[in-house]
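I have placed the structure first, in the form of structure tokens, so that the comments after it can refer back to it.
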């Protein structure tokens, strides 16, 4: 299982005031708030932690966890060069790419190989962004696996987990889609 989350840093600077009163207390644990205050770049640290939490939450839901909204129940740690997120009794490994444009985190439960692909999205409309990203994933997957593009479709489960179907049969592939601002990404295991 894999989850991902992308944060468009320019968009976030324009639309979110992370320094407003109560924001950090509502979202981050005491330990995470210390990481933010001690960081060379608190802005990027806030959104790295946010992205780690979001990506791990996606895996938690895929693993059968019940939906909730309490970001402080999702705890991030940086240990021995590895980033880890804990939700209830589950632990997730995360990897994060931070650059001047975006932050992308991927989370998984084990050491399985994963790949992530990032795109500049041609549209600002979120429905069109979602459709573009799904079509890009299907196109890449069809080429990589020598399958007919037209026979592949993405459908969401009752809890919102995307599944890839080929000729109406679910394929055993774990992937995650995310978009924010002008960036989108898909991450996939064993691609």
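In the working numbering, the protein residues as written are 77 to 267.
For glycine and all other residues, C-beta sits at the position ideal for the given N, C-alpha and C.
On a predicted model such as this, the values are computed, not experimentally measured, just so you know.
- The beta carbon of residue 243 is closer than 7 Å to those of 227 in its chain, skipping five residues each way along the sequence.
- Looking at the backbone, the Cα of residue 204 and that of residue 95 are separated by about 31 Å.
- For residue 116 and residue 200, the gap between their C-alpha atoms comes out near 32 Å.
- The stretch 119–136 and the stretch 155–165 touch, with no fewer than 3 CB-CB distances between them shorter than 8 Å.
- The residues 225, 228, in chain order, have a CB closer than 6 Å to that of residue 218 in the same chain once the five nearest residues on each side in sequence are set aside.
- Here residue 107 carries a helix assignment [DSSP, helix/strand/coil].
- Residue 209 is a Cβ neighbour of residue 260, given a cutoff of 9 Å.
- For the stretch 141–227, the continuous beta strand (DSSP E) assignments of 3+ residues that do not extend past its boundaries occur at 150–155, 158–163, 166–174, 178–184, 190–196, in sequence order.
- Of 222, 252, 181, the smallest CA-CA separation from residue 236 is found for 252.
- Straight-line spacing of the CA atoms in residue 158 and residue 124 works out to 14 Å.
- The C-beta distance from residue 184 to residue 265 rounds to 7 Å, short enough to fall under 8 Å.
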